[in-house]
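Participant: This is the structure I want to talk about, given as structure tokens.
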Amino acid sequence: MADVHDSPTRESLHAELDQLFDILWPLPRSITGEGTRETLEHFASRMALKLGHVPSGSKAFDWFVPPVWRLRAARLTGPDGAVIADAATHNLAVVNYAEPVDAHLDLADLQPHLHSLPHLPDAIPYVTSYYQRRWGFCLPHAVRERLQPGTYHARIDSDFEGDGGVPFGHVLVPGERDTEIVLTSYVCHPQMANNELSGPLALLALYRLISAWPRRRYSYRFVLHPETIGAICFLSRFGEVLRTRAVAGAVLTCIGGPAPRLSYKVSRPGCSILDALVARRPDRFDQRPYDPSHGSDERQYGSPGFKLPIGQFCRTHYAAYAGYHNSLDTKEFMDIAQVVDSAMILDDTLRELELSGIYENLAPFGEPQLGRRGLYPSLNAGGLRGGDDFWTWQRQHERLMWILNGCDGQTRMSDIAQRAGFDVRDLDTTIAKLEEAGLLRLSDGPQGPAPWRP
Amino acid sequence: MADVHDSPTRESLHAELDQLFDILWPLPRSITGEGTRETLEHFASRMALKLGHVPSGSKAFDWFVPPVWRLRAARLTGPDGAVIADAATHNLAVVNYAEPVDAHLDLADLQPHLHSLPHLPDAIPYVTSYYQRRWGFCLPHAVRERLQPGTYHARIDSDFEGDGGVPFGHVLVPGERDTEIVLTSYVCHPQMANNELSGPLALLALYRLISAWPRRRYSYRFVLHPETIGAICFLSRFGEVLRTRAVAGAVLTCIGGPAPRLSYKVSRPGCSILDALVARRPDRFDQRPYDPSHGSDERQYGSPGFKLPIGQFCRTHYAAYAGYHNSLDTKEFMDIAQVVDSAMILDDTLRELELSGIYENLAPFGEPQLGRRGLYPSLNAGGLRGGDDFWTWQRQHERLMWILNGCDGQTRMSDIAQRAGFDVRDLDTTIAKLEEAGLLRLSDGPQGPAPWRP
Amino acid sequence: MADVHDSPTRESLHAELDQLFDILWPLPRSITGEGTRETLEHFASRMALKLGHVPSGSKAFDWFVPPVWRLRAARLTGPDGAVIADAATHNLAVVNYAEPVDAHLDLADLQPHLHSLPHLPDAIPYVTSYYQRRWGFCLPHAVRERLQPGTYHARIDSDFEGDGGVPFGHVLVPGERDTEIVLTSYVCHPQMANNELSGPLALLALYRLISAWPRRRYSYRFVLHPETIGAICFLSRFGEVLRTRAVAGAVLTCIGGPAPRLSYKVSRPGCSILDALVARRPDRFDQRPYDPSHGSDERQYGSPGFKLPIGQFCRTHYAAYAGYHNSLDTKEFMDIAQVVDSAMILDDTLRELELSGIYENLAPFGEPQLGRRGLYPSLNAGGLRGGDDFWTWQRQHERLMWILNGCDGQTRMSDIAQRAGFDVRDLDTTIAKLEEAGLLRLSDGPQGPAPWRP
């Protein structure tokens, strides 16, 4: 059991995330390389992440892990010597994973190597070419339109000789049971805010909040890696662990920005405790169906070889803002306060999740003898009913009886509550009382009909 | 196979129950002790019950079995020597399981030991204190209100030294298969009628009726014991037998009284043949959902360690009459005729249940050769249709074909009938004909989707 | 893999079926004997059927296989020497399986041996007495009505001494997997067209069509035998093979005639890929529920010992035309063109079925690396969306991702398509592309929730 810390406040979280954002913003992230390693180390020092990587050139399931890309400089200079694009000014200025070049070319020959967005003339687009060697520069369309004929100097000082591979980091915050809730985000997009830093920052905030809980019934695993290939590499090392222990979870992506509400993309199995909990809270969450053709790493976690019950939380959806995948995705757009707010909502949701799972009645043959545990009155004067006290006691007693009868190791507390007409959040003290009496325990293993294979 | 007796009539049942009621009424029942033992012996001599008990001081699942309570006398005398309450006059006058006392006290000191019902000033309440030592008297509130200051003499001559424990009795009326239907009620409430004697008496009537059937496909187990602790003690000895063989059943409680209709509380699994049959007969039964926080021993039989498919039949519900758990629960209120009527309805219901279960086609590969068994015409002149005889034959033949095709050892006859558009009661002669031809047999074991573990 | 032939045309099929009809029409079919053997040999020479039989006198499940009936002549002559009925003129003139007779009788004594249809005075009825020895003649009611008193000569030259038994024939047209689709019809009715020859002829047409497919994922089994006893005999020899491999199929019966649409009787399990496919095509098929009391050999294939997922296709239903089981069931009524049309529709349906089953993603852990297979662009410029090409590519990509994610070896392609909002027929090129890339394969074994026992 991890130490119990003082529960962080909205203000303390805001301060920490704000400071960390500014450190992480300029780091040149990709799916391999220094920028990503440094980013992970910043989180590791705050969350006790264990770091690892899958080496370049090795195989991860169906994939060949790409080489490590090192970028030292990338600059495009005009006929008049003016700097047109420079990675030192903005990371997005160079195509991610660009091969080295040192060439003088005509504008016409240069054009196929330039990327810009006609519909967003002031934005620098985010362009990658991980698996085919290319070079190129990204620049505002307004700048590109003004380029004059003449000889340009394109120089990218990069190589693919770095040590390492595709990195990842994760930490398990242990609870009373080994059964895990998985929370994950990605680090690989350079200099973008909502669609990059919002997720890891919210993850850190949740780590702070959950670590401070007085008790955790489940264990909580926090995971960071590059998107897609990073998830595949992580699963190649820890997929079996997740398959054995994970009963719910979510990817955090685009978790900041101006949207007023969070939305949840249902996990592939579609029936985890988190899926069920979100479905009962339309007041709090919009829902999106599982879709393997769009989204983040729930696509990898939910692939048919794993079918992990991992959904996806997002706030301002990647399809819903112009700054997606370009330089308009800034700290101001993301808004640290919104990221903290998302984390607070998820913290509250996970507290409810702690009550919602499958418990076992540890004295399941007949009703247990409640009287000798002080849970039933010793004088039974059935005819003597009435009075406010009686009805209060009666209601408490009904909760207790429903929990004991319903907790057969197969049925979720949330479903027992629903059948009995209670809100699961009102069962917290009764659950705690029965746990304390040794009559109830959160079940190890599957927490519902999800395809969890022990 | 038990002997076949002449089927008892409504009149003969009424006479037997009426006489037995008067014998049982004054016996001082509790969860242990002489009154309950004698009550069980009266039933044993009529139903061939095998009697047993779980000894005081031993463990039954989570419970410590309480000591045997013996009561020799209990009398409260007033300052003027007048008898205020006397167990010899009414069993309810003393708190059930009262410890011994022989004390002279002021009215003020006596008051905490008195129990009465302000809203029912003429009724003596039923009060128990099985698991904590107490003494006390119960009396009409009207009497209590008139008590004058002065010194009272409270004398209870009781001890907890008796031999024995919590008793039970049961008998299996065998049928063609070992698969069991369980019918049970309780004996532990002294001098109450609807909420005590109505159940055992109805059980006896059903025993008489079912024993007289010309054949029984299922075996029928009749069980009597004190409520709650009695069920737990019985289950500690025979729970595995029930878990292996019981496919349906019901507790009978408050089965008399003025209510015009029977109601059925669905079993915990909710899908036994009896649950299904009752659900198809809204003309005959009201239904109540399973609720572990109120009711009778279906709570114990349905506890998560057993989940037995045992519901509960009742007529005038314990929550629906003022006399519940007090001295207004009399023979007149209960009404022997209503108890007999309940038994007759249940007899008819169980006859339908005999047809409703899962049968096996014993020649399941293709249609059997019906012609050589006289079940199909030898001349096939398909074009020569029409005429009343043809359509009657056709309808018979359709029944036969549906039964043969549907009876795969997994599907209930009631569901086959429903799919084919028949009433299961109209299939009785066809079923019997196929059984006689050796082509059909009631399946051993589970009779539907209930969680029956062989 | 069978050779690929040129796909037959509607015209070529019409010509072959028309010619074969005329050969088969006069053959005196029954459940045993020469006429049926010869009929099967004609199909064997066209479809490479393997022939077999279950010998007379042996047991097939619950049945005793009847002796071989041989008929040499059957003629009824009137008092004036006129021929009243003659099997040489029409096969239906003699009761099928008639015992020998050579007797001179009064009209009154003859009458019990005559069969006619008062409501269809010009039709000769079809009458059989397989399992009880009888003799008799069938004639138009108009002829019977004109019979004059006098002495008649009834002569049937038949015996039950022939070699053989109940015959059957079948052939497996192999596909890429051993999993089978079963198509079957019956041969046993003499000189009837819609309710006899339409089925086997449609089966031959389907054999021609399916054999010419460029590829078959499933294997296709074509089966012919007499109705009822023939199905039971065939199942006694090949039931286990079907139980292990058959995942869908249908009996073809009354598949010609004037009805504009085909109808499908759902298989007993009710959930095969064919059942599901038909249910999604109300534009093409009427549906009838499974009914074991009427119909053809789906009753035997669907008996509880087998529960094979074999439905029944029919065009002009046996209950829907006056000529059913009499001499009005002619070639003109049946109409070769309608039989060919039915076969073409079923061919198209089975092509859709090839796409509808359960496939396995062969690289199920995470998404496979599509880029190195040319299935994903190497340049990822997410911001650069828009344009018709993009949306076309996007839609293709979505199909690909849904297929890869959905194909977990448990889920039907038709259900994946439905969830993703595609028509399964639009997935054909994507499926083929993934099969070619070694990423996808039709699953061996069960193709859905049918009770298929490996």
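These protein sequence lines are chains A, B and C, in that order. Heads up, the first sequence is in our numbering, so the first residue is 1 and it goes up one at a time. Heads up, the second sequence is in our numbering, so the first residue is 1001 and it goes up one at a time. Heads up, the third sequence is in our numbering, so the first residue is 2001 and it goes up one at a time. The C-beta atom is built at its ideal place from N, Cα and C for all residues, glycine as well. A quick note: this is a predicted structure, and the numbers were derived from the prediction, not measured.
1. How about Tyr1376(B): is its C-beta nearer than 8 Å to some C-beta of chain A?
2. Output needed in chain order: residues of the region 1230-1247 of chain B with a Cβ under 8 Å from some Cβ in chain A.
3. If you count every other CB in all the chains shown that lies within 10 Å of the CB of His2119(C), and 16 or more means buried, which is it?
4. Given a threshold of 16 other Cβ atoms within 10 Å of its Cβ, counted over all protein chains shown, does Asn2059(C) qualify as buried or as exposed?
5. From the DSSP output, in three-state form, read off Pro1451(B) for me.
6. Identify whether Met1(A) lies in helix, strand or coil by the three-state DSSP scheme.
7. Can you find a C-beta in chain A that's less than 8 Å from the C-beta of Asp1062(B)?
8. Name the chain A residues whose beta carbon is nearer than 7 Å to that of Pro2364(C)?
9. By the criterion of Cβ-Cβ separation under 8 Å, what are the contact partners of Cys407(A) in chain B?
10. How about Arg2412(C) and Ile2273(C): do their beta carbons lie closer than 8 Å?
11. Hey, quick one: how far does the alpha helix (DSSP H) through Glu176(A) stretch, first residue to last?
12. Give every residue of the same chain whose Cβ lies closer than 6 Å to the Cβ of Ala1248(B), excluding the five residues on either side of it in the sequence, and list them in chain order.
13. Does the Cβ of Thr1104(B) have 16 or more other Cβ atoms within 10 Å, making it buried, or fewer, making it exposed?
14. Which residues in the same chain have their Cβ closer than 6 Å to the Cβ of Leu1172(B), if we skip the five residues on either side of it in sequence?
15. So Tyr1131(B) contacts chain A; which residues on that side make the cut at Cβ distance below 9 Å?
16. Roughly how many angstroms separate the alpha carbons of Arg2315(C) and Ser2198(C), rounded to a whole number?
17. Could you tell me how far apart the beta carbons of Ser263(A) and His317(A) are, in whole angstroms, since I believe they sit closer than 8 Å?
18. Where does the unbroken beta strand (DSSP E) through Glu16(A) begin, and where does it stop?
19. Tell me whether the beta-carbon of Val2223(C) lies closer than 8 Å to the beta-carbon of Leu2040(C).
20. Just the chain C side, please: which residues come within less than 9 Å of Met1401(B) by C-beta, in chain order?
21. On the CB-based measure, 16 or more other CB atoms within 10 Å of its CB, does Lys2307(C) come out buried or exposed?
22. Under a CB-based cut-off of 8 Å, is Asn2361(C) close to chain A?
23. May I ask which residues mark the beginning and end of the alpha helix (DSSP H) holding Arg1243(B)?
24. Please state the DSSP three-state secondary structure of Asp1159(B).
25. I want to verify the contact list: residues of chain A whose CB lies under 7 Å from the CB of Glu2398(C), in sequence order.
26. Looking at the secondary structure, which residues open and close the alpha helix (DSSP H) in which Gln1312(B) lies?
27. For Ile2255(C), count the other beta carbons within 10 Å of its own beta carbon; 16 or more makes it buried, fewer makes it exposed. Which is it?
28. With Leu359(A) as the anchor, note down where its beta strand (DSSP E) starts and where it stops.
29. From Arg10(A) to Glu354(A), what does the alpha carbon distance come to, in whole angstroms?
30. Would a check of beta-carbon distances place Arg134(A) closer than 8 Å to chain C?
31. Between Phe2365(C), Leu2024(C), Gln2396(C), Pro2067(C), which lies nearest to Phe2160(C) when the distance is taken from Cα to Cα?
32. Using 8 Å as the limit for Cβ to Cβ distance, is Pro2449(C) near chain A?
33. Output needed for Glu2435(C): all residues of its chain with C-beta closer than 6 Å, excluding positions within five of it in sequence on either side, in chain order.
34. If we ignore side chains and look at the alpha-carbon of each, how far apart do Ser520(A) and Gln312(A) end up?
35. Ser2443(C) and Glu2352(C): beta carbons closer than 8 Å?
36. With 16 as the cutoff for other CB atoms within 10 Å, does Trp391(A) come out buried or exposed?
Facilitator: Let me lay it out:
1. Sequence index remark: in the second sequence, residue 1376(B) carries index 376 (1-based). With 8 Å as the cut-off, Tyr1376(B) does not count as an interface residue toward chain A.
2. Ala1231, Ile1232, Leu1235, Ser1236, Gly1239
3. The residue you call residue 2119(C) lines up with position 119 of the third sequence. It counts as exposed.
4. For the purposes of this step, residue 2059(C) is taken as residue 59 along the third sequence, with counting starting at 1. Note that residue 2059(C) is Lys in the sequence shown, not Asn. It is exposed - the Cβ of Lys2059(C) has fewer than 16 other Cβ atoms within 10 Å.
5. On the second sequence, position 451 is the one that residue 1451(B) refers to. Below a pLDDT of 50, predicted positions are generally treated as unreliable, and Pro1451(B), at 49, falls in that range; no measurement from the model is reported.
6. Locating residue 1(A) in the first sequence gives position 1, counting from the first residue. A caution first: Met1(A) carries a pLDDT of 41, below 50, which makes its placement in the model too unreliable to give a value.
7. Within the second sequence, residue 1062(B) is the residue found at index 62, counting from 1. Judged by the 8 Å Cβ criterion, Asp1062(B) is in contact with chain A.
8. To locate residue 2364(C), count along the third sequence from 1; it is residue 364. Within 7 Å Cβ-Cβ: Ser303, Pro304, Gly305.
9. For the purposes of this step, residue 407(A) is taken as the residue at position 407 of the first sequence. Within 8 Å Cβ-Cβ: Pro1304.
10. For the purposes of this step, residue 2412(C) is identified with residue 412 of the third sequence, where counting begins at 1. For the purposes of this step, residue 2273(C) is identified with residue 273 of the third sequence, where counting begins at 1. Yes, they are a contact pair.
11. For the purposes of this step, residue 176(A) is taken as the residue at position 176 of the first sequence. From DSSP, Glu176(A) is part of no alpha helix (DSSP H); its letter is neither H nor E.
12. Within the second sequence, the letter at position 248 stands for residue 1248(B). So the qualifying residues of the chain are Ile1181, Ser1272, Ile1273, Leu1274, Pro1309.
13. Along the second sequence, one-based indexing puts residue 1104(B) at 104. Looking at the sequence itself, residue 1104(B) is His, so the reference to Thr does not match. Under this definition His1104(B) is an exposed residue.
14. Along the second sequence, one-based indexing puts residue 1172(B) at 172. So the qualifying residues of the chain are Ser1219, Arg1221.
15. The residue you call residue 1131(B) lines up with position 131 of the second sequence. Chain A residues near Tyr1131(B): Gln369, Gly371, Arg372, Tyr376, Ser378.
16. As a working mapping, residue 2315(C) is identified with position 315 in the third sequence. As a working mapping, residue 2198(C) is identified with position 198 in the third sequence. Each residue's alpha carbon lies about 10 Å from the other.
17. Within the first sequence, numbered from 1, the residue matching residue 263(A) stands at position 263. Within the first sequence, numbered from 1, the residue matching residue 317(A) stands at position 317. Right, the Cβ-Cβ distance comes to about 7 Å (below 8 Å), so this counts as a contact.
18. Counting from one through the first sequence, the residue named residue 16(A) turns up at place 16. No beta strand (DSSP E) holds Glu16(A); the alpha helix (DSSP H) holding it covers 10-24.
19. Translated into positions along the third sequence, residue 2223(C) becomes position 223. Translated into positions along the third sequence, residue 2040(C) becomes position 40. No.
20. What you label residue 1401(B) is simply residue 401 of the second sequence in a count that begins at 1. Chain C residues near Met1401(B): Asp2291, Pro2292, Ser2293, His2294, Arg2299.
21. On the third sequence, position 307 is the one that residue 2307(C) refers to. Lys2307(C) should be labelled buried.
22. Mapped onto the third sequence, residue 2361(C) falls at position 361. Chain A, which has a Cβ nearer than 8 Å to the Cβ of Asn2361(C), makes this yes.
23. Reading the second sequence from its first residue, position 243 is the one you call residue 1243(B). Its alpha helix (DSSP H) spans residues 1229-1245.
24. Numbered from its first residue, the second sequence carries residue 1159(B) at position 159. In the structure shown, Asp1159(B) sits in a strand (DSSP, three-state: E or B).
25. What you label residue 2398(C) is simply residue 398 of the third sequence in a count that begins at 1. Neighbours of Glu2398(C) on chain A, chain order: Ser293.
26. Within the second sequence, the letter at position 312 stands for residue 1312(B). Not the alpha helix (DSSP H): Gln1312(B) falls in the beta strand (DSSP E), residues 1310-1314.
27. The count along the third sequence starts at 1 and reaches residue 2255(C) at position 255. It counts as buried.
28. As a first step, residue 359(A) is located in the first sequence; it is residue number 359 there, counting from the start. A small correction: the amino acid at residue 359(A) is Tyr; Leu does not occupy that position in the sequence shown. It spans 358-361 - the beta strand (DSSP E) in which Tyr359(A) sits, taken as one unbroken run.
29. As a first step, residue 10(A) must be located in the first sequence, where it is residue number 10. As a first step, residue 354(A) must be located in the first sequence, where it is residue number 354. Straight-line Cα distance between these residues: approximately 22 Å.
30. Here residue 134(A) is taken as the residue at index 134 of the first sequence, counted from 1. Yes, because at least one Cβ of chain C sits closer than 8 Å to the Cβ of Arg134(A).
31. What you label residue 2160(C) is simply residue 160 of the third sequence in a count that begins at 1. Taking only the C-alpha atoms, the option nearest Phe2160(C) is Pro2067(C).
32. Position 449 of the third sequence, counted from the first residue, corresponds to residue 2449(C). So no, Pro2449(C) is outside the interface.
33. In the third sequence, the residue the question calls residue 2435(C) occupies position 435. Nothing listed; no residue qualifies.
34. With chain A covering 1 to 454 only, the question about residue 520(A) has no answer from this structure.
35. As a working mapping, residue 2443(C) is identified with position 443 in the third sequence. As a working mapping, residue 2352(C) is identified with position 352 in the third sequence. No, the Cβ-Cβ distance between Ser2443(C) and Glu2352(C) is not below 8 Å.
36. As a working note, residue 391(A) is residue 391 in the first sequence. Result: exposed.
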